[in-house]
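Before any comments, here is the structure.
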Amino acid sequence: MTPPVVSIVAKSGTGKTTLLEKLIAELKMRGYRVGAVKHDAHSFSIDHEGKDSWRLTQAGADTTLITSPAKVAMVKQNPVGQEPSLAETVNSYCGDLDIVLTEGFKRSRMPKIEVHRLERSATLMCRGEEHDPTLIAVASDQPRQLDVPVFHIDDAAGLCDLIVARFLS
């Protein structure tokens, strides 16, 4: 897939978003164009009820774009029960990027970095009851002996070195 995708996975409240913020900042500092995709298992809305774009979507528009000099936002209606795969989403919307980092998508076949905090769980999602072969690293607040590299949860530079070596070199 172009660009490469790395998924940041963890149990809720572990620090996925915080780590993603650090990884994005570090990759941007190194000159890369970075995309971020957040998976939401529930329905969400970026439109606000009563606004023109919301009204157009409510009227039946399958795709509504909102543009300004600073950014573009899109509301694209998926057919009922047909969420596009991560690969389809990345291929459709992220072709101009060097890498895409995702939050969630724990069941995808994309390479994963698991965030782990002992206070949240003693076991890992990807090395617990199931062995996920797509796990490439763990960011933890505790030292761990694993079959993949383990980084301190705050070592965004080290994780970026791994990402660059594996996917951007």
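My numbering puts the sequence shown at residues 11 to 179. The beta carbon of each residue, even a glycine, is placed where N, CA and C say it ideally should be. Bear in mind the structure is a predicted one, so any value in this text is a computation, not a measurement.
Option in the options with minimal Cα separation from residue i
i: L172; options: P153, V148, R154 and Q152; result: V148
i: D142; options: M84, V19 and D62; result: V19
i: G105; options: V82, V44, D57 and D62; result: V44
i: A167; options: K21, V15 and R40; result: R40
Between the CA atoms of residue j and residue i - distance to the nearest angstrom
i: L156; j: I163; result: 15 Å
i: L107; j: P153; result: 33 Å
i: V47; j: H126; result: 20 Å
i: C29; j: M120; result: The amino acid at residue 29 is misidentified as Cys; the sequence shows Leu. Those two C-alpha atoms are separated by around 18 Å.
i: D151; j: I76; result: 41 Å
i: H49; j: E113; result: 6 Å
8 Å Cβ cutoff, residue i in contact with chain C
i: V19; result: The structure shown contains no chain C; it holds only a single protein chain.
Residues near residue i by beta carbon distance below 7 Å, same chain, minus five either side
i: E98; result: none
i: L169; result: L33, I123, A147, A149 and F161
i: L134; result: E124, H126 and V148
Residues bridged to residue i [DSSP beta-bridge criterion]
i: K48; result: E113
i: A149; result: V125 and F161
i: A83; result: I76
Chain-order list of residues whose beta-carbon lies under 8 Å from that of residue i (same chain, five-residue window excluded)
i: L56; result: As written in the sequence, residue 56 is Ile, which differs from the Leu given in the question. So the list reads A83 and V85, once near-sequence residues are dropped.
Problem set entry | At least 3 beta-carbon pairs within less than 8 Å: the segment 129-137 vs the segment 13-27 | Short answer: they touch.
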